Amino acid sequence: MGHLFFRDMSIDNSTKTLFLQQCSVNSLVLFPKVVRMVENSENLWFAEWFDTDYYHTLYKHRDEREAELFMRSITNHLQLPAGSQICDLACGKGRHALFLSELGYNVTGLDLSENSIQLAKEFEGKNLRFDVHDMREVYADAQFDGIFNLFTSFGYFDAQSDNLKVLHSIKAMLSQNGVLVIDFMNAEKVIANLVSEEVKTVDGLTFHLTRSYDGTHIFKNIQFDDQGKHFDFTERVQALKRGDFEDLLSKAGFKVVELLGDYELNSFDAQRSDRLILIAQQ
Ligand SMILES: C[S@@+](CC[C@H](N)C(=O)[O-])C[C@H]1O[C@@H](n2cnc3c(N)ncnc32)[C@H](O)[C@@H]1O
């Protein structure tokens, strides 16, 4: 069964859970663009890999429960009033955006992946909308009170200038007193604890994962077979650390006002924290 089978169903909480976890491998045939990109194998790994259902399968444990915990704690912490305009930038299937809308915010989820946005659009409502958008560009004439870039959705591009392009676009889309939240991996801890090889079976698919670090990037090679085809993707994320973000943010006209280290909002500790969560303002 592909996710398109959920289109006509009314959505209750259990259906939402099912829907957000629904990552049919068969539906790949419904997305010839993805197959084409995989076969052409352009050097745009983030556009290819994140647009597949396989990405959602491998990361299905990063679910809406985790998103709820973090969104509840961060919005309380920031004291963002209900009704505020929030952008979930690089929203994926919209797990954070959906919960933010349930908290009473007006939410726009943006992502490059047409497949993810098609899935997310099933949840659109009065105060929740989704659109395909490249975060390096400014989105329409939007002005947001908060822009959230969550779960390591940064550092994908070769050019450092593209990182700055993202931050400049964010600045243009953020109101004067608006707040930017970037939730990134804690690269220092990831590098120190890199698991070089791992085999993971999810929904009947066996993923062979190989991780490495070359001094600037963290690589995760992902190989698996499905329906007689072999697939080979490599995630390549810049190992940006606290100082790198502070530099980039400062160049784009932001100052970091707080650093947090996990979704329960404990303080950041480079050795121990799971996450590097930066809160920045203009
Ligand atoms: C690690 S996923 C995180 C998704 C989501 N924030 C979550 O927590 O589930 C990274 C996301 O960034 C998106 N992405 C990659 N490059 C992008 C770009 N240039 N503009 C917008 N989104 C992009 C991918 O499509 C993917 O959905």
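To convert, note that position 27 of the sequence shown is 18 in our numbering; the numbers rise steadily by one, no gaps. Think of the CB as a built atom: it goes at the ideal place given N, C-alpha and C, for glycine as much as any other residue. Only a predicted model underlies this, so the values are computations on that prediction, with no experimental measurement involved.
Near ligand 1: H87 beta-carbon under 8 Å from a heavy atom | At least one heavy atom of ligand 1 is nearer than 8 Å to the Cβ of H87, so yes.
In three-state terms, what does DSSP make of T143?
-> T143 carries a coil assignment under DSSP once its states are collapsed to helix, strand and coil.
Exposure label - G100; buried when at least 16 CB within 10 Å | Buried, since its Cβ has 16 or more Cβ neighbours within 10 Å.
Consider the C-beta atom of R56 and the heavy atoms of ligand 1; say whether any pair is separated by less than 8 Å.
-> Incorrect: R56 has no Cβ contact closer than 8 Å to ligand 1.
To the nearest angstrom, how far is it from the Cα of L119 to the Cα of G85?
-> Rounded to the nearest angstrom, the two C-alpha atoms are 10 Å apart.
Would you list the one or two residues that DSSP bridges to M62?
-> Per DSSP, none; premise fails for M62.
Cβ-heavy atom distance, L141 to ligand 1, below 8 Å | Yes, since a heavy atom of ligand 1 falls inside the 8 Å radius drawn around the Cβ of L141.
Hey, does Q273 have any beta-carbon neighbour from chain D nearer than 9 Å?
-> Looking at the structure shown, chain D is missing, and only one protein chain is on hand.
Cβ shell of V123 (< 6 Å), same chain only, five flanking positions each side left out = Excluding sequence neighbours, V123 sits near E105, I108.
Burial state of G169 (16 or more Cβ within 10 Å) | Burial call: buried.
Count the CB pairs spanning the segment 78 to 94 and the segment 126 to 145 that are closer than 8 Å, and state whether there are at least three.
-> The way I'd put it, the segment 78 to 94 does touch the segment 126 to 145; three or more beta-carbon pairs between them come closer than 8 Å.
Compute every distance between the C-beta of R127 and the non-hydrogen atoms of ligand 1, then say whether any falls below 8 Å.
-> Under cutoff, so the answer is yes.
Would you kindly work out how many angstroms separate the C-alpha atoms of E93 and G137, rounded to a whole number?
-> So the alpha carbons of these two residues sit roughly 16 Å apart.
Count the other C-beta atoms from every protein chain shown that fall within 10 angstroms of the C-beta of D174, then say buried if there are 16 or more, exposed otherwise.
-> So D174 counts as buried.
Check whether the Cβ of A38 lies closer than 8 Å to any heavy atom of ligand 1, and answer yes or no.
-> The nearest non-hydrogen atom of ligand 1 is less than 8 Å from the C-beta of A38.
Out of curiosity, what's the CA-to-CA distance linking G83 and Y46?
-> Going from the Cα of G83 to the Cα of Y46 covers about 10 Å.
When we look at the beta-carbon of D42 and count the other beta-carbons within 10 Å, is it buried (16 or more) or exposed?
-> Counting C-beta atoms within 10 angstroms of its own C-beta, D42 has 16 or more neighbours from the protein chains shown and is therefore classed as buried.
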